[in-house]
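Engineer:
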Amino acid sequence: MIRVAINGYGTIGKRVADAVDAQDDMQIVGVTKTRPAFGCDLAVRKGYPIYCTYDDTDKIAAFAAAGYQCHGGLSDLLGVADIVIDCSPGKVGASNLEKYQQAGVKWIFQGGEKHAMTGMSYTSSANHAANLNVNGTRVVSCNTTGLSRTLVPLYHHCGELSVECTMIRRAADPGDSSKGPINAIKPVLKVPSHHGPDVMTVKPEIIINSMAVAVPTTIMHMHVIVAQLPEGHGLDTESVIEMWANEPRIILMSGGETGITTTAEVMEYARDIGRKWGDLHEIFVWRDGVKLEHNTLYYFQAIHQESDVIPENIDAIRALMGTEPDWRASVARTDNAIAKYNNIL
Ligand SMILES: NC(=O)c1ccc[n+]([C@@H]2O[C@H](COP(=O)([O-])OP(=O)(O)OC[C@H]3O[C@@H](n4cnc5c(N)ncnc54)[C@H](OP(=O)(O)O)[C@@H]3O)[C@@H](O)[C@H]2O)c1
0 MIRVAINGYG TIGKRVADAV DAQDDMQIVG VTKTRPAFGC DLAVRKGYPI YCTYDDTDKI
60 AAFAAAGYQC HGGLSDLLGV ADIVIDCSPG KVGASNLEKY QQAGVKWIFQ GGEKHAMTGM
120 SYTSSANHAA NLNVNGTRVV SCNTTGLSRT LVPLYHHCGE LSVECTMIRR AADPGDSSKG
180 PINAIKPVLK VPSHHGPDVM TVKPEIIINS MAVAVPTTIM HMHVIVAQLP EGHGLDTESV
240 IEMWANEPRI ILMSGGETGI TTTAEVMEYA RDIGRKWGDL HEIFVWRDGV KLEHNTLYYF
300 QAIHQESDVI PENIDAIRAL MGTEPDWRAS VARTDNAIAK YNNIL
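Quick note on numbering that gives the first Met the number 0: the sequence shown kicks off at 0 and runs consecutively.
#1: Rounded to whole angstroms, what is the Cα-Cα separation between S161 and I224?
#2: Does at least one heavy atom of ligand 1 sit under 6 Å from the Cβ of P407?
#3: Nearest to G254 by CA position, among G277, R248 and V289, is which residue?
#4: By the 10 Å Cβ neighbour count, where 16 or more other Cβ atoms means buried, how is D23 classified, buried or exposed?
#5: Counting only the same chain and skipping the five closest in sequence on each side, list residues whose C-beta sits under 8 Å from that of P88.
#6: If you compare alpha carbons, which of S124, Y297, V104 and V139 is closest to M116?
#7: Looking only at its own chain, which residues have a Cβ that is under 6 Å from the Cβ of I181, when we skip the five neighbours before and after it?
#8: When you compare the CB positions of V169 and T217, do they come within less than 7 Å of one another, or not?
#9: Considering just the uninterrupted stretch of the alpha helix (DSSP H) at G135, what are its terminal residues?
#10: Over what stretch of residues does the beta strand (DSSP E) that includes E305 continue unbroken?
#11: Which one or two residues does DSSP pair with W276 in a beta bridge?
#12: Would you kindly report the start and end of the unbroken beta strand (DSSP E) that includes C69?
#13: So, is H293 buried or exposed, given that buried needs 16 or more other C-beta atoms within 10 angstroms?
#14: For ligand 1, is there a heavy atom less than 6 Å away from the beta-carbon of P191?
#15: Determine the burial state of S238: buried for a count of at least 16 other Cβ atoms within 10 Å of its Cβ, exposed for fewer.
#16: Anyone know if the C-beta pair for L131 and A318 falls short of 7 Å?
#17: Within a Cβ cutoff of 7 Å, which residues of the same chain sit near T236, ignoring the five residues on either side of it in sequence?
#18: Between which two residues does the beta strand (DSSP E) harbouring Q26 extend?
#19: Would you please state the rounded distance, in angstroms, between the beta carbons of H194 and A213? I believe it to be under 8 Å.
#20: Taking the alpha carbon of I11 as the reference point, which residue from S306, Y340 and D334 has its own alpha carbon closest?
#21: Just to confirm, does Q100 get its C-beta within under 6 Å of one of the non-hydrogen atoms of ligand 1?
#22: Among L188, L228, Y297 and M242, which one has its Cα closest to the Cα of R148?
#23: Can you grab the Cα-Cα spacing for the pair R2 / D334, in whole Å?
#24: Short of 6 Å in beta carbon distance, which residues of its chain neighbour C141, apart from the five on each side in sequence? Order them along the chain.
#25: Hey, how far is the Cα of G174 from the Cα of E256?
#26: Since M266 is in the beta strand (DSSP E), which residue starts that stretch and which ends it?
#27: Per DSSP, Q22 is paired with what?
#28: Return helix, strand or coil for M320, following the three-state DSSP convention.
#29: Based on the DSSP output, what are the partners of N208 in its beta bridges?
#30: Which runs of the alpha helix (DSSP H) fall wholly inside the stretch 65-123 and span at least 4 residues, in chain order?
#31: With L41 as the anchor, note down where its alpha helix (DSSP H) starts and where it stops.
#32: State the Cα-Cα distance for the pair G29 and A21, rounded to the nearest angstrom.
#33: Since C51 sits in a beta bridge, which residues does DSSP pair it with?
#34: Taking the Cβ atom as the reference point for each residue, do K58 and C51 lie within a distance shorter than 7 Å?
#35: Does the distance from the C-beta atom of A315 to that of I5 stay below 7 Å?
#36: Tell me which same chain residues have a C-beta within less than 8 Å of the C-beta of Q26, skipping the five on either side of it?
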C-alpha cells in the first residue's frame, strides 16, 4: 500500500483524498488543515486523520480546543507517508518543498506552482514514462491537462502540431466568495497566457500559444482551439472525432442531438450521471463543433476546472512510486476504482 499524505484539504485536496481512498493500492494517512475550520468535519466523516499544516504546538492544540482530534503537525504526517500531494493554494507550495525533501518523501505539486520550481511536470497521456521513479513532479493545471488530452493524441498521429487557442476561463470556483469579475470580461494581459505554453512542459514537441479571458461564471472553462496539422496528415473531421473517442477521459457529444449546448448543461449532465460534487473528470468536446478544413482543425472543449486533474494525481502517484509503467493501465485502474467507489451510473 502506498501511504499518501494530502497537504491542503481544500477544493483539490478533498477530491484527491477521495480518489486515493477509492484505489486498492494506496491509502490516505492524513490530511492537513491550517486551523480547525470548514473542511475538518468532512475529514472526520471520511475517517481521514487530521494533522495541522504547521508544527507549532499552540496551532496543533487549537484543534482539540475546537473538538477535533489532531494527530500532530506536518512533520508528523510526513513521517508516516511515502508521498505527499501538495494541494495548498497556488504559489504557496514552493515554501513546502524543503520540508518534503528533508522528510525524504516523494512529492506532487499542483498547477498553481511553476514548472521551474519542480523541474518536472505531469499529465497521464503525455509523459507518464518520463515521471517514473522521480522524486517529485507537478500535475499541470486544469487547462493544460485539458489541452493535453486532445492535443497529445493528435500530435502522436501527425508527428507535428502548431496550435493557437483562446481560454475562456471561469472567474472563480463555486465555493469562492471573494473573487471576480462579477459583471465584466477580464483579459489576461500577459500575452501569450501561460496555459498553452505550459503544455510544452509535458509535450515540448507541440508548438502552442494561448490568450485568455476571465468571464463571470463559476462552472467550467471553455477552450476555442485552432490547430495546424502538417501536409499529409490523412485525417478528416470524422476520423479526428473517432481518434478522440478511443482515448480515455474525453467525452464527445453532439450539442444538436443532445441539447447539451452550454457549460451549464454539461454540468447538469455530470450531476445527472451521479458524479460526486457534480464533477466531470473528462474533457467535454462538442462533436458538431469539430471541423477539419484542409490542414486547419477547429474545435471547442469544456473543462471542469475543479476535477479534471484529480485522476491525473492518482496516475502520477503510481508513476513516481514506480508501480505502474503503463499510463493506459494506470488510467483504467484509476477510473474504474473511482467509478466503483462513487457508484457512478
Ligand atoms: N480549484 C481549481 O479549479 C484548480 C484546478 C486545478 C489546479 N488547481 C491548483 O490546485 C492547488 C490548490 O488549489 P485549490 O483550488 O484546491 O485551493 P483552495 O481551495 O484554496 O485550497 C487550498 C487549501 O490549502 C490550505 N493551505 C493554506 N496554506 C497552506 C500551506 N501553507 N500549506 C498547506 N496547505 C495550506 C488551505 O487550508 P485551510 O482551509 O485549512 O485554511 C486550503 O484549504 C493550486 O495550486 C491551484 O492552482 C486548482
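Even glycine gets a Cβ: it sits at the ideal position worked out from N, Cα and C.
All figures in this text were calculated on a predicted structure; none of them were measured in a lab.
Structural biologist: This is what the structure gives:
#1: 11 Å
#2: Because the chain spans 0 through 344 in this model, residue 407 falls outside it and cannot be assessed.
#3: V289
#4: exposed
#5: G7, G9 and G111
#6: V139
#7: P215
#8: The question names Val, but residue 169 is Arg in the sequence shown. Contact flag set, yes.
#9: No alpha helix (DSSP H) holds G135; the beta strand (DSSP E) holding it covers G135 to R137.
#10: No beta strand (DSSP E) holds E305; DSSP gives it neither H nor E.
#11: In DSSP, W276 forms no bridge with anything.
#12: Where C69 is concerned, there is no enclosing beta strand (DSSP E), given that its DSSP letter is neither H nor E.
#13: exposed
#14: no
#15: exposed
#16: yes
#17: V289, K290 and L291
#18: M25 to K32
#19: That pair is no contact at about 12 Å.
#20: S306
#21: no
#22: M242
#23: 19 Å
#24: I302, Q304, D307 and V308
#25: 32 Å
#26: From DSSP, M266 is part of no beta strand (DSSP E) but of the alpha helix (DSSP H) over T262 to D271.
#27: Q22 is not bridged to any residue.
#28: helix
#29: E163
#30: 73-78, 96-102 and 114-117
#31: C39 to K45
#32: 15 Å
#33: K32
#34: yes
#35: no
#36: M0, I1, R2, V3, V19 and D20
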